[in-house]
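S.K.: Note that my numbering has the sequence shown beginning at 9, numbered continuously upward.
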Amino acid sequence: MHAISVPGSFRPRGHDVSLPSGPVPDGGADSSPLQLFDRACRRLLGHGEEFTDTVVERIRAEVPYYADPVLAPPDVRRTVGVGIRHGLEAGVDPSRIVDVERYTRDLGMRRAEQGRPLDEVLHAYRVAGSEVWSGIISVVERDGLGDARQLVHVAELVWKSNDRDAVMVADAYRQVAKGVASRHGERVRLILAALLETRNEPEFTRDAAAILDLPLDGRFAVAVVGATPPYGRAPQTTPEVRGIRILRHACGRRDVLVADLGDRPLDALASGLDAGPGFRIGISPVVQGLESLARARDMAGLALRTCRADGEIARLDSRLPEGLLISRPDLSAELAHGVLRPMYDLEPADRDTLFDTVSVWIENGGSAVQAARHMLCHRNTVLNRLRRFEQTTGLALTRPRDLVQLTLALDAHRLLGPTAALGTIDRNRLPTA
Numbered sequence: 009m010h011a012i013s014v015p016g017s018f019r020p021r022g023h024d025v026s027l028p029s030g031p032v033p034d035g036g037a038d039s040s041p042l043q044l045f046d047r048a049c050r051r052l053l054g055h056g057e058e059f060t061d062t063v064v065e066r067i068r069a070e071v072p073y074y075a076d077p078v079l080a081p082p083d084v085r086r087t088v089g090v091g092i093r094h095g096l097e098a099g100v101d102p103s104r105i106v107d108v109e110r111y112t113r114d115l116g117m118r119r120a121e122q123g124r125p126l127d128e129v130l131h132a133y134r135v136a137g138s139e140v141w142s143g144i145i146s147v148v149e150r151d152g153l154g155d156a157r158q159l160v161h162v163a164e165l166v167w168k169s170n171d172r173d174a175v176m177v178a179d180a181y182r183q184v185a186k187g188v189a190s191r192h193g194e195r196v197r198l199i200l201a202a203l204l205e206t207r208n209e210p211e212f213t214r215d216a217a218a219i220l221d222l223p224l225d226g227r228f229a230v231a232v233v234g235a236t237p238p239y240g241r242a243p244q245t246t247p248e249v250r251g252i253r254i255l256r257h258a259c260g261r262r263d264v265l266v267a268d269l270g271d272r273p274l275d276a277l278a279s280g281l282d283a284g285p286g287f288r289i290g291i292s293p294v295v296q297g298l299e300s301l302a303r304a305r306d307m308a309g310l311a312l313r314t315c316r317a318d319g320e321i322a323r324l325d326s327r328l329p330e331g332l333l334i335s336r337p338d339l340s341a342e343l344a345h346g347v348l349r350p351m352y353d354l355e356p357a358d359r360d361t362l363f364d365t366v367s368v369w370i371e372n373g374g375s376a377v378q379a380a381r382h383m384l385c386h387r388n389t390v391l392n393r394l395r396r397f398e399q400t401t402g403l404a405l406t407r408p409r410d411l412v413q414l415t416l417a418l419d420a421h422r423l424l425g426p427t428a429a430l431g432t433i434d435r436n437r438l439p440t441a
């Protein structure tokens, strides 16, 4: 908790109380409750640092946050001492209430800037107020200033004043906290952006880990959420996946999600995300350490570019060949052109039939029987189409290297479009990863 001020002004506000001028005699049966209260405040002011130490010890005893040498603000004793003095002086001279109000506002603002929990601050504030009130009663009884029972007539007004000051502390705290949160959020955004955009120095990465509360050598994955026009809109919230902490960085029509996986598998992240209409998601493989986030973002971007339709979630570790093609679209276009250009000398309907047959045959593990079942035709029909494809392209589908080349060329054709195979694509304008 944080240091707290002492109760606000003890003197009832708005009440005109005539105080005796000059020294006030101790005791006196004819003393009013307010005059007795005045004498007690004056006497307690004389106890100075000794009484401050008593109040501080009480706060530490009742508020564990303030007893913790790491968590407690280093200025606890000073702020308690100042608060006690302002409160007691306002009990003697109502015009000093302005000092109390200024102090309570400053206290709330300072604790907000320090990031101390408001509940702990208010708890300590009220403990201090209670201890000061106990000190007033004690000094009346111990020093024989009068009948302590008379103080009951001012107790309600004292505590109402103290409650008002606590509200003032809270209001000042919340006003500053909004600005602090905004600045902190901007700082987090910039740090996260730096980790994702560049390869950073080790010292910066260590500082970033502390600020973002992320493990320096943890297991991470990055997901890029892309909105597709005209219906897709950039996400506005951070998704929640059980057991995985996710930080969100908004970047135009895309969101970049940094997932601290801990010991959770990548499957848990992929299954916990939902693309939905108008969105596509690409997910990087698992990387080790914060210094690898920029590379993970690149890989997530590649995965996103392999998506075929809205609502799709693509993991790069299951689409590495396609990711390779996307990372060098200029070479991919050359491959598609070199392998598939002869297909465009055929009639469009004939060409599409052969493309479909080869693709289905590959997807079915090179089984003509399974491909025929899928296409609702005879096995021999599939074999005949495959032979025509071989004759047109000059490839042999029984030769492993030719089959690899064909598979990559078909993927490039799907990713880049017919212009790649035709050789009409503008290679100078192809995007790079």
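We treat Cβ as the ideally placed atom computed from N, Cα and C, and that holds for glycine.
(1) Using only CA atoms, which one of A420, L384, D364, P426 lies nearest to R396?
(2) Quick one: grab the DSSP three-state call for L200.
(3) Taking only the alpha-carbon atoms, compute the straight-line gap between A48 and V147 and give it to the nearest angstrom.
(4) What separation, rounded to the nearest whole angstrom, lies between the Cα atoms of G116 and G54?
(5) Could you spell out where the alpha helix (DSSP H) holding D447 opens and where it closes?
(6) Taking only runs of the beta strand (DSSP E) that begin and end inside the segment 374–414, which ones reach a length of at least 3 residues, in chain order?
(7) What did DSSP end up calling G234 once you bin it into helix, strand or coil?
(8) Taking the Cβ atom as the reference point for each residue, do V390 and S292 lie within a distance shorter than 8 Å?
(9) Out of curiosity, what's the CA-to-CA distance linking R407 and Q413?
(10) Give a yes or no on contact between the segment 336–356 and the segment 315–323, applying the rule of three or more CB pairs nearer than 8 Å.
(11) Find the nearest neighbour of R197 within the set L265, A136, E209, judged by alpha-carbon distance.
(12) Of the residues L332, V177, H386, which one's Cα is nearest the Cα of T415?
(13) With DSSP run on the structure shown, which of helix, strand or coil describes L229?
(14) Leaving out five residues before and five after L394 in sequence, what residues of the same chain have Cβ atoms less than 8 Å from its Cβ?
(15) With DSSP as the reference, label C315 as helix, strand or coil.
(16) If we ignore side chains and look at the alpha-carbon of each, how far apart do A276 and L203 end up?
(17) For a quick check, are the C-beta atoms of V64 and V140 less than 8 Å apart?
(18) Note down the Cα distance separating F287 from R313, rounded to an integer number of angstroms.
(19) Considering only DSSP beta bridges, list what L259 is partnered with.
(20) Could you tell me if H421 is buried or exposed, where buried requires 16 or more neighbouring beta carbons within 10 angstroms of its beta carbon?
(21) Can you say whether P31 is buried or exposed, counting buried as having 16 or more other CB atoms within 10 angstroms of its CB?
(22) As an exercise, report each continuous beta strand (DSSP E) stretch of at least 3 residues that is fully enclosed by the segment 294–351, in chain order.
(23) Pairs of beta-carbons, one from the segment 110–126 and one from the segment 86–100, closer than 8 Å: are there three or more?
(24) In the DSSP output, what is D268 paired with across the bridge?
(25) Based on Cα-Cα distance, which residue from E342, A136, S138, A156 lies nearest to I145?
(26) When you compare each of Y73, Q183, N170, V166 to V129 by their alpha carbons, which one comes out closest?
(27) Give the straight-line distance between the Cα atoms of H345 and L274, rounded to the nearest whole angstrom.
(28) Considering only the alpha carbon of each residue, which of A120, E342, N392, H386 lies closest to P426?
(29) What are the partner residues of I289, as DSSP defines its beta bridges?
(30) Could you check the C-alpha separation between L269 and V249 for me, to the nearest Å?
(31) Mind checking whether I334 and L310 have CB atoms under 8 Å apart?
(32) If you compare alpha carbons, which of I105, I199, S40 is closest to H161?
(33) With a threshold of 8 Å on Cβ separation, who are the neighbours of V184 within its own chain once the five nearest residues in sequence on each side are excluded?
(34) Inspect the beta-carbon positions of G99 and F45 and report whether they are closer than 8 Å.
(35) What residue range is occupied by the uninterrupted alpha helix (DSSP H) comprising D46?
(36) Expressed to the nearest angstrom, what Euclidean distance is found between the alpha-carbon atoms of R349 and P247?
M.R.: The relevant details are as follows:
(1) D364
(2) helix
(3) If you take the alpha carbons of A48 and V147, they lie about 6 Å apart.
(4) 27 Å
(5) Residue 447 lies beyond the range of the chain shown here (9 to 441); nothing can be said about it.
(6) none
(7) strand
(8) no
(9) Distance between the alpha carbons of R407 and Q413: 10 Å.
(10) In this structure the segment 336–356 does not lie against the segment 315–323, because fewer than three pairs of beta carbons, one per stretch, are closer than 8 Å.
(11) L265
(12) L332
(13) For clarity, residue 229 is Ala in the given sequence; the question names Leu instead. Three-state DSSP puts A229 in a strand.
(14) The beta carbon of L394 is closer than 8 Å to those of T365, V366, W369, A376, L405 in its chain, skipping five residues each way along the sequence.
(15) coil
(16) Rounded to the nearest angstrom, the gap between the Cα atoms of A276 and L203 is 24 Å.
(17) no
(18) 12 Å
(19) Before going on, a small fix: residue 259 reads as Cys here, not Leu. Paired residue(s): R262.
(20) Flag for H421 reads buried.
(21) Confidence in P31 is poor, its pLDDT being 39 and thus under 50, which makes the residue's placement too unreliable to answer from.
(22) 321–323
(23) yes
(24) F228, R253
(25) A156
(26) Y73
(27) 36 Å
(28) E342
(29) According to DSSP, which records beta bridges pairwise, I289 is partnered with V233, I321.
(30) 10 Å
(31) yes
(32) S40
(33) G116, M117, A120, E121
(34) yes
(35) Membership of D46 in the alpha helix (DSSP H) is indicated by the continuous run 41–53.
(36) 44 Å
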